[in-house]
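Undergrad:
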Amino acid sequence: MSTVQDIETAIERLDESSLGQLSGWFEDYLAEKWENRFAADAQSGKLDELGAAADRAFEQGKCRPL
3 MSTVQDIETA IERLDESSLG QLSGWFEDYL AEKWENRFAA DAQSGKLDEL GAAADRAFEQ
63 GKCRPL
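Under the numbering used here, think of the first position of the sequence shown as 3, with each following residue one higher.
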């Protein structure tokens, strides 16, 4: 397995086109990881209190249109 330093060195050696491809892939990778974590947190109930607080704020007229 490569170390972070090995990966950094390899990235520094990429040409602009390859760096662009890597950047796009990494953005997609991070987005998917975030979406999976968010879905897991939502399914496990970790976000229930946040949702309830948002509902209360709305019902109390503390929200405004975006």
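Heads up, the beta-carbon is just placed ideally off N, CA and C, and yes, glycines get one too.
Mind checking which residues open and close the alpha helix (DSSP H) that includes R39?
TA: E18 to S46
Undergrad: Check this for me: beta carbons of C65 and A55, under 9 Å apart or not?
TA: no
Undergrad: Distance, Cα to Cα, M3 vs E18?
TA: 25 Å
Undergrad: Please state the DSSP three-state secondary structure of R58.
TA: helix
Undergrad: Measure the alpha-carbon distance for S46 versus E10 and round it to whole angstroms.
TA: 36 Å
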